[in-house]
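Heads up: the sequence shown begins at 23 in our numbering, then just goes up one per residue.
Glycine included, every Cβ here is placed at the ideal spot set by N, Cα and C.
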Amino acid sequence: SESGRYMKVQVPNPLNFLRGLGFPYTAAATPRGVEPVAQASKLGDFYDTEWARSPLAQATRTAALETVGRAVTLAACRPQVRNTDRIDALSGPAIFVANHQSHLDTALLLTTIPKPWRQQLVVAAAADYFFDTRHSAALAAWAYGAVPMERNKVSRRSADRAAGLLADGWSLLIFPEGGRSMDGWGLPHKGGAAYLSVKCSIPIIPIHLEGTGRVMRKGSKTLNPQTVVVNIGAPLLPADGQDARSFAVSIEQAVAELADETSSDWWSARKRASSGETPSLAGPDHDSWRRDWTSPEHKPRATEPRSWPN
């Protein structure tokens, strides 16, 4: 206009226009007295992680793990990886199982499990913990190659997903305790890893981690860098006719024997195993403070000598 003023014109929102038209251009209203249909969840066990196994996602994840992830892990844990020769003759996918004491366990294993398995490895992660929001689910799927797995109930969806990945050549990392230990002692093993091994005829590789609970235990937000041990066991397969429940006991025993081997030596651990005297990962049946004191992760605090009058 000549006065230099501009007229404001409000452009109609097409979405509002369509909403105003109602059905059939929009969803019909739910009649009174009818229970609305619940929307299908896209989180938890329903979260689709296929995108995280695309070539691009896999390449960026590998680059991040082999640079930043490895540097942080080496600085915090200073790992000693033992007995990788036990799986030198193994080929094809495998199910790696390990005890669980710290959030560092996953990153540690993703950078220490030998090639070629760690190059095509997915991590079974708690569906209710890592896949409860879109952001945490996406982060877990990309950073760790995680797939959701129910830990508090049997889920055919979780089992079928894992079995499909194993059939496609992916290896699986699973913590059969279902969560991190609070006091350094082991938790009872759940049967998921054993079930998949029996169902898919895939070998189990037992691993014992020693020391990660001292670096960063459950509930802690601080790091206490020190040496940790990653002890890799020989491949296990179920015996003819052995069911998943019985095989789960065998897997737990194998991890316990690795723990004994780490704390003593191979020969002594084998003698105790043959005589049924391998120390239990579950620890003594004592009060919580006594369990914590006798825990393999317990380390007495260093104290300075006191002098009078202090």
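Review point. Rounded to a whole number of angstroms, what is the C-alpha to C-alpha distance between SER76 and VAL94?
Key: 25 Å
Review point. Between which two residues does the beta strand (DSSP E) harbouring PRO101 extend?
Key: 101-104
Review point. What's the call for ASN121, buried or exposed, on a 16-neighbour Cβ count within 10 Å?
Key: buried
Review point. Who are the Cβ neighbours of LEU112 in its own chain at under 6 Å, not counting the five residues just before and after it?
Key: PRO257
Practice item. Decide yes or no for the touch test of the segment 258-269 against the segment 233-247: beta carbon pairs closer than 8 Å, at least 3 of them. Key: no
Review point. Residues in its own chain within less than 6 Å of THR300 by CB, not counting five upstream and five downstream?
Key: ALA278, GLU279, ASP282, ARG294
Check your understanding: Tell me the DSSP bridge mates of PHE118?
Key -> LEU195, ILE227
Exercise for review: Would you mind sorting SER219 into buried or exposed? The rule is 16 or more other CB atoms within 10 Å of its CB.
Suggested key: By the 10 Å Cβ count, SER219 comes out buried.
Review point. Excluding sequence positions up to five away, which residues of its chain have a Cβ less than 7 Å from the Cβ of PRO115?
Key: Result list for PRO115: LEU188, GLY191, TRP192, SER193, ILE224, in chain order.
Point to revise | Run of the beta strand (DSSP E) containing LEU259, from where it starts to where it stops | key: Here LEU259 belongs to no beta strand (DSSP E), and DSSP marks it neither H nor E.
Check your understanding: For PRO77, does the three-state DSSP call read helix, strand or coil?
Key -> helix
**Study point:** Straight-line Cα distance separating GLN102 from THR128
**Key:** 16 Å
Review point. Between LYS64 and ALA149, what straight-line distance do the alpha-carbon atoms span, to the nearest angstrom?
Key: 11 Å
Practice item. Provide the residue(s) that pair with MET171 in DSSP beta bridges, ordered along the chain. Key: ALA148
Review point. Measuring CB to CB, does ILE226 end up less than 7 Å from ARG108?
Key: In this structure, ARG108 does not lie closer than 7 Å to ILE226 by Cβ.
Practice item. Assign LYS137 to one of two classes, buried (16 or more other C-beta atoms within 10 Å of its C-beta) or exposed (fewer than that). Key: exposed
Review point. If you drop the 5 nearest sequence neighbours on each side, which residues of the same chain put their C-beta closer than 8 Å to that of THR106?
Key: PRO136, ILE254
Review point. Where LYS243 and ALA98 are concerned, what is the direct C-alpha to C-alpha distance, given to the nearest angstrom?
Key: 13 Å
Check your understanding: Can you tell which of THR284, ILE273, LEU259, ASP265 has the C-alpha that lies nearest to the C-alpha of VAL251?
Key -> THR284
Exercise for review: Name the two residues that bound the continuous alpha helix (DSSP H) containing GLU279.
Suggested key: 266-285
Check your understanding: Do THR52 and ARG92 have their C-beta atoms within less than 7 Å of each other?
Key -> Result no, Cβ atoms of THR52 and ARG92 do not sit closer than 7 Å.
Point to revise | Residue closest to LEU126, alpha-carbon to alpha-carbon, out of ARG178, LEU245, TRP207 | key: LEU245
Review point. Can you name the start and end residues of the alpha helix (DSSP H) that ASP110 belongs to?
Key: Premise fails: ASP110 is in no alpha helix (DSSP H) and is neither H nor E.
Review point. How is the alpha helix (DSSP H) around TRP164 delimited, first residue to last?
Key: Run containing TRP164: 156-166, per the alpha helix (DSSP H) assignment.
Exercise for review: Would you mind stating whether PHE153 and ALA146 have Cβ atoms separated by less than 7 Å?
Suggested key: no
Exercise for review: Check the Cβ-Cβ distances between ALA120 and every residue of chain D, and say whether any is below 7 Å.
Suggested key: This model lacks chain D altogether; it includes just one protein chain.
Review point. Pairing CB atoms from the segment 170-185 with CB atoms from the segment 76-88, are three or more of them under 8 Å?
Key: no
Check your understanding: Between TYR69 and the rest of its own chain, which residues show a CB-CB distance below 6 Å, the 5 nearest in sequence each way excluded?
Key -> PHE153, ALA159, PRO170
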